[in-house]
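Protein chains in written order, with my numbering: chain F, 3 to 546; chain D, 10 to 327. For every residue, glycine included, the Cβ atom is placed at its ideal position computed from N, Cα and C. This structure is a prediction, so every number in the text was calculated from the model and none was measured. The structure appears below as structure tokens.
Rendered as structure tokens:
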């Protein structure tokens, strides 16, 4: 069997320029080798920073920014493309090997029609005439299940949805009839219900065209559905490389085992209690200037010391509900009560006590912290604001909080930029805890994190709940996180409450169609799951 | 499409309002100058009686508001009043001068705009390599030299020493287009050099900004050639700032070329203005001022409208 791509002992370096220091070379990939036979799919999996995109792009001899391939061989159909020169690379890119980027919204040129972009590579390489290329594009649009395949090409990127755009991107990669496609996290930016359609479309396209593929993702359950082989990467090195069956069912390395088992936190549901900490009654809200209500007649309760999870796709109104509860977006109708007292709908009408007892943690820990303040200052601010702590006393309390979030003493004087993604989110948790709140609203707090790191955050949240009797309003689109942390669940769909109750009840049949769709869309770590679920689904996702 | 039309209508309305303010400013400005037209005309021989007579015949004894409204009404009817120096209607003399200025501006723009954009594209293509550095240093040098000096150097080198081009630019109606262009070749050359750097640098900066985008990487991974990527993928997304700078420079070509016109004794609007400032012919100064303002505002509205039209989100709503 001939290899389309045969990469041997790859070494990739990047030049970094830390502020105030001399620029230096760092090795980001070391000693990685892989082969792909025609028609086969290799999955590259690892956390962010593992070098998986870099390794994938090496098959096209492409380095982002200052990234450079400094060692090893990249054989494409037997020729080392590192020695072939620029002209040969132009021939290879977009003809023999094509690329599907993570965010289709950013990877399409906003100023050009989709058809122009889809057929561009085929035309630039002189592979077919304009009419042939366009006919092929239309047939690919059909094959990928896009609506109006005849006319969608005349639209601009901003005129189609994210899930559709990702499929157009796949059509773009398939159009010049390549022998290998590199998929770089093609479904990561999509809603879980949309992801599954795109995933199925990609899988079908690969099967029908017989193209080989490299599929890059951080989600092992996703890659298990689509790959023949899997390579697990960490810190730019190969951890384990084998068939999908071997990696999923018989992992050898501890790291792989941890990745496979990451979704299994067991959290027993707390006894339902009539003692509600927060009650939101018949909330209706709309954004200024909008012509429709984002929330329609939503009523939920959070019990003292328990977790209410709110799940739904983007646009379902779940984050808006958080904004209404915090008072950032005053509700048009409805009532809020907290700890037995009425909460003003408007932020300006709330007392300092109201503000203190209701804290918030955000999805992007990065932008939720002032990059020019140290961890100590960030956590110390609510201590000074709410409790008037100063000096040594404040410092001691900050240290206690750092211990609580399982970070050592060395972090007090660090800046956010010096922390990892998980550590940043922990600091945000500590900042919320500093106010000694009764309720914390967690808005997609684990969504931007790698699975293992997210797992650690969930465990920390559960521990803090047990110790301090905190209540959480946990907003997420990740159903695995919901099963891990929730006591009760509210499923939201297009601004309305679709299903609401204790966890055990919401997650047991009979399901309404939307909840069924949502639940069945969560990738499972099992071969053949994708085929099963596509067969048995009752409705299509809204983002389709 | 309706949202685009609304936006454009707003811009045009804003421009008209702005023009009214400018006309008011020009009027108040000339009003604030010491002395008035009657004094200027009569000069040393002014007696209180002759002054009063002349003021009455010129309408200067009316209250300022009435005079402003009269002036404004005249403008709307294409009547800019009469020049004091020769008593002829201003609109007549300006028409010819404006035509000359436009002629020079048009041919300068025809050369300078495509050239500067091409140079900008080349700078991006060879960024931080010698072609980029050469283009930048040459254009920046030419913008840094005062334009009158540049003009005299050009006259000396190309007109006197080499004798290639005429040193005085006096096109007339009996000339063919080629002869006319030949007669203004030196002012065109100077003006091109003056406005090139600004547009070239903005093209370069705007495109470099876009070159970081993910869709540029997409194009690179399609194996598209660098220059094609810059011209057909990056440029359409960088048009808005480029258009703005181009329009500013076009406006300069009409309202700012006084120095160059004077050096080459070119019969344009700028030298006409300078002549009449020296003669304190205020109606002419006012008239030229309002025309300059209208051109300036008009070109900026055009820049705004074109920028709006380059945005695909506005051109093609969901």
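Under the three-state DSSP convention, the category residue i falls into
{"i": "residue 476 of chain F", "result": "strand"}
{"i": "residue 186 of chain F", "result": "strand"}
{"i": "residue 296 of chain F", "result": "coil"}
{"i": "residue 35 of chain F", "result": "strand"}
{"i": "residue 394 of chain F", "result": "helix"}
{"i": "residue 339 of chain F", "result": "strand"}
{"i": "residue 415 of chain F", "result": "coil"}
{"i": "residue 234 of chain D", "result": "coil"}
{"i": "residue 271 of chain F", "result": "coil"}
{"i": "residue 180 of chain F", "result": "coil"}
{"i": "residue 533 of chain F", "result": "helix"}
{"i": "residue 55 of chain D", "result": "coil"}
{"i": "residue 322 of chain D", "result": "helix"}
{"i": "residue 278 of chain F", "result": "strand"}
Option in the options with minimal Cα separation from residue i
{"i": "residue 142 of chain F", "options": "F:163, F:116, F:127, F:187", "result": "F:116"}
{"i": "residue 92 of chain D", "options": "D:297, D:136, D:218", "result": "D:297"}
{"i": "residue 59 of chain D", "options": "D:326, D:175, D:47", "result": "D:47"}
{"i": "residue 459 of chain F", "options": "F:363, F:506, F:381, F:521", "result": "F:363"}
{"i": "residue 241 of chain F", "options": "F:49, F:424, F:457", "result": "F:49"}
{"i": "residue 144 of chain F", "options": "F:454, F:176, F:292", "result": "F:176"}
{"i": "residue 304 of chain F", "options": "F:520, F:353, F:474", "result": "F:474"}
{"i": "residue 281 of chain F", "options": "F:342, F:375, F:293", "result": "F:342"}
{"i": "residue 276 of chain F", "options": "F:492, F:270, F:307", "result": "F:307"}
{"i": "residue 99 of chain F", "options": "F:7, F:517, F:162", "result": "F:7"}
{"i": "residue 450 of chain F", "options": "F:435, F:434, F:425, F:470", "result": "F:425"}
{"i": "residue 69 of chain F", "options": "F:18, F:91, F:101", "result": "F:18"}
{"i": "residue 121 of chain D", "options": "D:267, D:198, D:189", "result": "D:198"}
{"i": "residue 508 of chain F", "options": "F:524, F:293, F:489, F:352", "result": "F:489"}
{"i": "residue 256 of chain D", "options": "D:307, D:37, D:130, D:113", "result": "D:307"}
{"i": "residue 8 of chain D", "options": "D:72, D:299, D:323", "result": "Any property of residue 8 of chain D remains undetermined from this structure, which presents chain D solely from 10 to 327."}
Under 9 Å by beta carbon: chain F residues contacting residue i
{"i": "residue 233 of chain D", "result": "92, 95, 96, 122, 123, 126"}
Beta-carbon neighbours of residue i, restricted to chain D and to distances below 7 Å
{"i": "residue 166 of chain F", "result": "Simply none; closest approach about 13 Å."}
{"i": "residue 334 of chain F", "result": "Within chain D, no residue comes near residue 334 of chain F; the closest Cβ sits about 25 Å away, beyond 7 Å."}
{"i": "residue 113 of chain F", "result": "245, 246, 321"}
Contact set for residue i: own chain, Cβ-Cβ below 7 Å, skip 5 residues either direction
{"i": "residue 313 of chain D", "result": "20"}
{"i": "residue 295 of chain F", "result": "286, 287, 288, 497"}
{"i": "residue 134 of chain D", "result": "235, 236, 239"}
{"i": "residue 384 of chain F", "result": "433, 436, 437"}
Contacts that residue i makes with chain D (C-beta to C-beta distance below 8 Å)
{"i": "residue 110 of chain F", "result": "224, 227"}
{"i": "residue 417 of chain F", "result": "Residues of chain D passing the Cβ test: none, with the nearest at roughly 25 Å."}
{"i": "residue 103 of chain F", "result": "223, 226, 227"}
Neighbourhood of residue i by C-beta distance below 8 Å, restricted to the same chain and skipping five residues each side
{"i": "residue 192 of chain F", "result": "164, 165, 168, 200, 545"}
{"i": "residue 304 of chain D", "result": "260, 263, 264"}
{"i": "residue 218 of chain D", "result": "247"}
{"i": "residue 526 of chain F", "result": "223"}
{"i": "residue 514 of chain F", "result": "500, 501"}
{"i": "residue 396 of chain F", "result": "382, 385, 386"}
{"i": "residue 328 of chain F", "result": "349, 360, 362, 443"}
Under 8 Å by beta carbon: chain F residues contacting residue i
{"i": "residue 217 of chain D", "result": "In chain order: nothing, as chain F lies at least about 14 Å away."}
CB contact below 7 Å: residue i versus chain B
{"i": "residue 516 of chain F", "result": "No chain B is present in this structure, whose protein chains are F and D."}
Beta-carbon contacts of residue i that lie in its chain and below 6 Å, excluding the five residues immediately before and after
{"i": "residue 222 of chain F", "result": "47, 261"}
{"i": "residue 444 of chain F", "result": "363, 474, 476"}
{"i": "residue 175 of chain D", "result": "192"}
Partner residues on chain D for residue i, Cβ-Cβ distance less than 9 Å
{"i": "residue 158 of chain F", "result": "321, 322, 324, 325"}
Chain F contact residues for residue i, given Cβ-Cβ distances below 7 Å
{"i": "residue 14 of chain D", "result": "Within chain F, no residue comes near residue 14 of chain D; the closest Cβ sits about 19 Å away, beyond 7 Å."}
beta-carbon residue i near the ligand MN non-hydrogen atom, thresh 6 Å
{"i": "residue 288 of chain D", "result": "No copy of the ligand MN appears in this structure; indeed no ligand is present at all."}
Query raised in the report: Just by C-beta distance, which residues in the stretch 57 to 68 of chain F are closer than 9 Å to chain D?
Result: 59, 62, 64, 66
**Report entry** Residues within the stretch 239 to 253 of chain D neighbouring chain F, beta-carbon criterion of under 7 Å
**Finding:** 242, 245, 246
**Report entry** the stretch 246 to 261 of chain F: positions lying closer than 9 Å to chain D by Cβ
**Finding:** none
Query raised in the report: Closer than 7 Å, Cβ to any Cβ of chain F: which residues of the stretch 125 to 151 of chain D, in chain order?
Result: none
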